[in-house]
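Novice: Protein chains in written order, with the numbering used here: chain A, 1 to 328; chain B, 329 to 531; chain C, 532 to 1122; chain D, 1123 to 1253. Please read through the structure below; I'll follow up with questions.
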């Protein structure tokens, strides 16, 4: 199970706690109202059921308490609206980070996320719809015509960002409406073709840390028949430790290795009872707006790296597109 | 006789004390309210597309102000003949009333002919179609929808002028009511054009 | 009886049942048609739920048939295709909203009951009424027929957001012969039908009330229909305009909603460009938010009727209720963009729309409170319609309350377009509205047929329905809180989607069990229509005017035009010799 | 409401007067469009004249000034929603279009124009020039 606070997924952003708190307060408020109504409701259903000798009252009940309750509801809603929602929204929308943010362009398409880094010169090269080639140049970057484009980095479906630094994402779309959603970062923004819309966040945990936090201990299947469903269910997971012992003393499943049918079968055979696993890529990018038949597979991965590792990664990219392959 | 329940329905002819209207007229006004929202949505689209920068302002488009002005005059005149037709029936002058109705229908047809030949056809020959630019898209959309309203009006007016005129003899009061309702609709169509004209031809 | 009016002769079968102008026949036509559509819409969802619970597994029982019968829904093995899933989703939404709930609540109940409740012999424009139905039906048939054209039915969601809806479903050579275009044409028919109907409703309610029935003596259901008619009248035309524009985008290659320079599947699109995808969303939600209230207001009206009748006391705060729904109706026109917080809305507009959204929640709270207070001091009869009506209250409460986190833009960031949204609005329209519609069917069935529905079967219908409704929709909140996007063909490749997959399975099993739970209703419906217990004109001892007419009411409704002496819910009046004082009975006869 | 013959006759005079006013205003609005008074003022003037004409048609031809308040309320409601429908979407899209401004300021880019490229626009600009 995920470490859930208020039944929400883990929050790894700097701004997410305000959103989480609002959701939590709202649900507490809703629960109190619902339980209050419910008690009164059940009481009435029992107390005022039709039975011999019981007559209904014609005159209206004077309902002072209900008026107070309604006023209270209005007051609480007003407080949540003015006190939390509006300020959070204002900072989400109007206050782009000033402290040397990493600015990237994200070009959504059916059904992939193209991430465009400006490279060392800090300038985005020009893009032209005419130059788009789905294989070699998905965003139509003018590498020949624009000198600023020469050092640009384009990455597909793998969104590398440094931990602890503000990131501004300039969202645009090549074709239809998409929605850039990263639940763990509490970020969601529709991507509207024909315009650029910015969104920003700061990740406070790296992928490694998130994976660590998401590690769960699961019982291995006991019967042969359950191995395949188990492996299927955990197909995106890696082992978070060494498990089992092979003939040469090597672990049957090594830390960081994929959960596969074969490893599970070997572990089951070696009578290993439980293993610790976690998702290989714990921070997913989803598309939250129906964008066509491949909407469900518009899955991107955030690669949140320590600042040094990020710099290293960026330097290693010489401008070619990197394809992310979803291991099954 | 008809087996509908209409004959026993209240306020088919007499005005309701609160609204001051008979059923048909009240219904027609409600219909016009929904028409306001229909054309309102299209005007809203026009404004949004224009503010959004989908097309530049007038000067780069080639709609003929002359033809637009002529058509405006035709519609205004047809509105007057329509209201005069109603007044004539009200004054029990059916001959005059039919004459004005015929005039209205003819003016409407003239409007349509000018629209279709001098504007749409001409433009099409020039290669200007709805997909030429967003300006022409909304131009064809709004004027086309308005044109369809005119066609509907011509059909209704033609009906009351010829086959439906029999009602004048059997139930003149109801006939006058129908003419009044037709008139309301017709004036509304005119009113829409009064806004369409500056929006597309002048601004 | 009706022959009192003189020259009535019996119309033939076609005039009597097919092209009837009698509001009662039209009401029944609407009701039966929409029940069929509800069943179809529900079936689509049961198919989708198989794919969600068991991704990529062939659909049992009907997979093979689907493969041979319909285009682009399943593959050869009978597994639901992603585009088929999208098509089913789009059509489920469209059918449920536009062909199921609205025609049943407004076309069916409104048409049948409202004229009776105001003592009118018919609707103000009987032929227009007939026309509404005969425009509605082709609209529905066009929608359904789109499953069988090349490329299959519309698959861009019931919201049909462009550019997707403009670029999707373009496989055919004929610009009209494809799912999305047929969807648009069908919508234009349905909208026209609703407009005709709403004009008729308003004129009828304003002009055709009998003597003594002042506005504030009208049954609450009539008020609900009145407000609903205004919503339909003023909110639908913008969607009609938008539909025409999208049709032009699809058929004439205009670009109302198409920005310049789109590259779809590697192809640079040859549109003139300059259009705005947001324009569609504004026009769509300008209709679709009031549409939510079109779905819920008649349901609230039915619940009001049933509660008053079965608590045997006046509805608490009748005037407050009336003012609340009028206010709801008005406000529903200025909250629409809370569906669009994440389209790039700035602070000014989000402040406006979240404030109006919070304001609109207040009358809903007032309505619920009034209904709850109506139970206090009552003598509650737990009849079958009452069971459904009281179940509506907590279900509507959940649906309404879960709207709050979505209506505040900050919490909407996390919850927008997740399963939380689906849970929220389904609680309003499925356990909410559908429960109320069932209450209405059980309540007015004796009026329509002269026979009562079976109580035992009714209870056998009620309890499983209540339980499984919650089994379907409650898990969606937990899935949604985890941030799982909606409309995913397979959510298990996402970390949070995989974690919450057991909830999804629970929803699916709930849905199939819910389907089974409808069997007693279907049996009861047909059995009781022909062989149910015969009852008198007023079996529930109710006060409103529809019960003053014989069951079923003859042509022209009332043998004698009634006169109204009092408000709608005069139950348990002190000094009266029975516990209900019908609106049309003078005081002298009650003492 | 014009009901008696006398009143109808009197209102015919009104109709002719209104007709004259409408014709004159049409000429005025065409003439005003050729004045060089700036885009905003031009739009305001043309819409003002159109509103006057519309009011004349509604008030006299459609007898709106003789109707009861009920109808005014309904049309008033209509007008409120009409205004909301025109203003709010425009405000929203304009706001959205400026969300990027602070980012452009930071990067020193010039914001792109939202207008379509000239080739797409109008035949007068040369793309479809047939005249």
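We treat Cβ as the ideally placed atom computed from N, Cα and C, and that holds for glycine.
(1) Using 8 Å as the Cβ pair cut-off and three pairs as the minimum, do the region 724-731 of chain C and the region 646-666 of chain C touch?
(2) Counting only the same chain and skipping the five closest in sequence on each side, list residues whose C-beta sits under 6 Å from that of residue 178 of chain A.
(3) So, is residue 326 of chain A buried or exposed, given that buried needs 16 or more other C-beta atoms within 10 angstroms?
(4) Does DSSP put residue 1200 of chain D in a helix, a strand or coil?
(5) Which stretch, first to last residue, makes up the beta strand (DSSP E) that contains residue 279 of chain A?
(6) In the region 212-279 of chain A, which residue ranges form an unbroken alpha helix (DSSP H) of at least 4 residues, counting only runs that do not cross its ends?
(7) Which residue wins for smallest C-alpha separation from residue 899 of chain C, given the options A/313, A/220, A/238 and A/38?
(8) On a CA-only basis, which of C/1060, C/934, C/784 and C/555 is nearest residue 1088 of chain C? Give me that one, please.
(9) Nearest-angstrom Cα distance between residue 691 of chain C and residue 804 of chain C?
(10) Within the continuous beta strand (DSSP E) that includes residue 156 of chain A, where are the two ends?
(11) Using only the alpha-carbon positions, how far apart do residue 1037 of chain C and residue 1006 of chain C sit?
(12) Are three or more beta carbon pairs between the region 620-633 of chain C and the region 665-681 of chain C nearer than 8 Å?
(13) If we ignore side chains and look at the alpha-carbon of each, how far apart do residue 1204 of chain D and residue 480 of chain B end up?
(14) List the residues of chain C whose Cβ lies closer than 8 Å to the Cβ of residue 202 of chain A, in chain order.
(15) Is there a C-beta anywhere in chain C that falls below 9 Å from the one on residue 126 of chain A?
(16) Just by C-beta distance, which residues in the region 292-315 of chain A are closer than 8 Å to chain C?
(17) Along the chain, which unbroken stretches of the alpha helix (DSSP H) at least 4 residues long are found entirely within the region 1151-1199 of chain D?
(18) Looking at chain B, which residues of the region 1135-1151 of chain D have a Cβ within less than 7 Å of any of its Cβ atoms?
(19) Got a sec: is the Cβ-Cβ distance from residue 767 of chain C to anything in chain B below 9 Å?
(20) Looking at the secondary structure, which residues open and close the beta strand (DSSP E) in which residue 180 of chain A lies?
(21) CB-CB under 7 Å to residue 129 of chain A, same chain, minus the five flanking residues each way: which ones, in chain order?
(22) Under 8 Å: do the region 892-907 of chain C and the region 965-973 of chain C share three or more Cβ pairs, one atom per stretch?
(23) Going residue by residue through the region 36-123 of chain A, where are the continuous beta strand (DSSP E) segments of at least 3 residues, counting only ones entirely within it?
(24) Within 10 angstroms of the Cβ of residue 582 of chain C, are there 16 or more other Cβ atoms? Answer buried if so, exposed if not.
(25) Between residue 1140 of chain D and the rest of its own chain, which residues show a CB-CB distance below 6 Å, the 5 nearest in sequence each way excluded?
(26) So what's residue 166 of chain A in DSSP terms, helix, strand or just coil?
(27) To the nearest angstrom, how far is it from the Cα of residue 1197 of chain D to the Cα of residue 724 of chain C?
(28) Would you say residue 929 of chain C reaches chain A, if we count a Cβ-Cβ gap shorter than 9 Å as a contact?
(29) In chain C, which residues lie less than 7 Å from residue 465 of chain B when you measure between Cβ atoms?
(30) Who are the Cβ neighbours of residue 388 of chain B in its own chain at under 7 Å, not counting the five residues just before and after it?
(31) Is there contact between the region 704-716 of chain C and the region 642-654 of chain C, where contact requires at least three CB pairs shorter than 8 Å?
(32) Should residue 769 of chain C go down as buried or exposed, given a rule of 16 or more other Cβ atoms within 10 Å for buried?
(33) At a CB distance below 8 Å, what residues from the region 505-521 of chain B approach chain C? Give them in sequence order.
(34) Hey, how far is the Cα of residue 606 of chain C from the Cα of residue 305 of chain A?
(35) Step through the CB atoms of chain D and report whether any lies within less than 9 Å of the CB of residue 474 of chain B.
(36) With H, G and I counted as helix, E and B as strand and the rest as coil, what does DSSP make of residue 1131 of chain D?
Specialist: Looking at the coordinates:
(1) yes
(2) The residue labelled residue 178 of chain A in the question sits at position 178 within the first chain. Taken in chain order, the residues that qualify are 108, 191, 287, 289 and 291.
(3) Numbered from its first residue, the first chain carries residue 326 of chain A at position 326. Note on residue 326 of chain A: pLDDT 40, under 50, position unreliable in the model; the coordinate value appears next. Exposed, since its Cβ has fewer than 16 Cβ neighbours within 10 Å.
(4) Reading the fourth chain from its first residue, position 78 is the one you call residue 1200 of chain D. Of the three classes helix, strand and coil, the one that applies to residue 1200 of chain D here is helix, per DSSP.
(5) Position 279 of the first chain holds residue 279 of chain A. Per DSSP, residue 279 of chain A belongs to the beta strand (DSSP E) from 274-279.
(6) 227-233 and 261-269
(7) Here the question's residue 899 of chain C lines up with position 368 in the third chain. Answer by Cα proximity: A/38.
(8) On the third chain, residue 1088 of chain C is found 557 positions in, with the first residue counted as 1. The residue with the shortest Cα to Cα distance from residue 1088 of chain C is C/555.
(9) By 1-based counting over the third chain, the position of residue 691 of chain C is 160. By 1-based counting over the third chain, the position of residue 804 of chain C is 273. If I take the Cα positions, the gap works out to 19 Å.
(10) Against the first chain, residue 156 of chain A aligns to sequence position 156. 153-156 is the span of the beta strand (DSSP E), which, as asked, contains residue 156 of chain A.
(11) Here the question's residue 1037 of chain C lines up with position 506 in the third chain. Here the question's residue 1006 of chain C lines up with position 475 in the third chain. So the alpha carbons of these two residues sit roughly 7 Å apart.
(12) yes
(13) Working through the fourth chain from its first residue, we reach residue 1204 of chain D at position 82. Working through the second chain from its first residue, we reach residue 480 of chain B at position 152. The alpha-carbon atoms of residue 1204 of chain D and residue 480 of chain B are separated by roughly 24 Å.
(14) Position 202 of the first chain holds residue 202 of chain A. Under the 8 Å cutoff, chain C gives no residues; its nearest Cβ is about 15 Å from residue 202 of chain A.
(15) Locating residue 126 of chain A in the first chain gives position 126, where the first residue counts as 1. Answer no: the Cβ-Cβ gap between residue 126 of chain A and chain C never drops below 9 Å.
(16) 292, 293, 294, 295, 296, 297 and 299
(17) 1161-1178
(18) 1137, 1141, 1144, 1145, 1148 and 1151
(19) Sequence index remark: in the third chain, residue 767 of chain C carries index 236 (1-based). For residue 767 of chain C, the answer is yes, since a Cβ of chain B falls inside 9 Å of its Cβ.
(20) Counted from its first residue, the first chain places residue 180 of chain A at position 180. Its beta strand (DSSP E) spans residues 178-182.
(21) What you label residue 129 of chain A is simply residue 129 of the first chain in a count that begins at 1. So the list reads 140, once near-sequence residues are dropped.
(22) no
(23) 102-109 and 112-117
(24) In the third chain, counting from the first residue as 1, residue 582 of chain C sits at position 51. Label assigned to residue 582 of chain C: buried.
(25) In the fourth chain, the residue the question calls residue 1140 of chain D occupies position 18. 1178 and 1182.
(26) Position 166 of the first chain, counting from 1, holds the residue named residue 166 of chain A. It is a strand residue.
(27) Numbered from 1 along the fourth chain, position 75 holds the residue referred to as residue 1197 of chain D. Numbered from 1 along the third chain, position 193 holds the residue referred to as residue 724 of chain C. Roughly 22 Å between the two C-alpha positions.
(28) As a first step, residue 929 of chain C must be located in the third chain, where it is residue number 398. It does; some Cβ of chain A falls within 9 Å.
(29) Here residue 465 of chain B refers to the residue found at position 137 of the second chain. Ordered by position in chain C, the residues that pass the 7 Å Cβ test against residue 465 of chain B are 779, 785, 786 and 787.
(30) One-based indexing of the second chain puts residue 388 of chain B at position 60. Reliability of the predicted coordinates at residue 388 of chain B is poor, the pLDDT of 49 falling under 50, and no value is obtained from them.
(31) no
(32) Walking along the third chain from the start, residue 769 of chain C turns up at place 238. Residue 769 of chain C comes out buried.
(33) none
(34) For the purposes of this step, residue 606 of chain C is taken as the residue at position 75 of the third chain. For the purposes of this step, residue 305 of chain A is taken as the residue at position 305 of the first chain. Rounded to the nearest angstrom, the two C-alpha atoms are 42 Å apart.
(35) Within the second chain, the letter at position 146 stands for residue 474 of chain B. Closer than 9 Å: no.
(36) What you label residue 1131 of chain D is simply residue 9 of the fourth chain in a count that begins at 1. It is helical.
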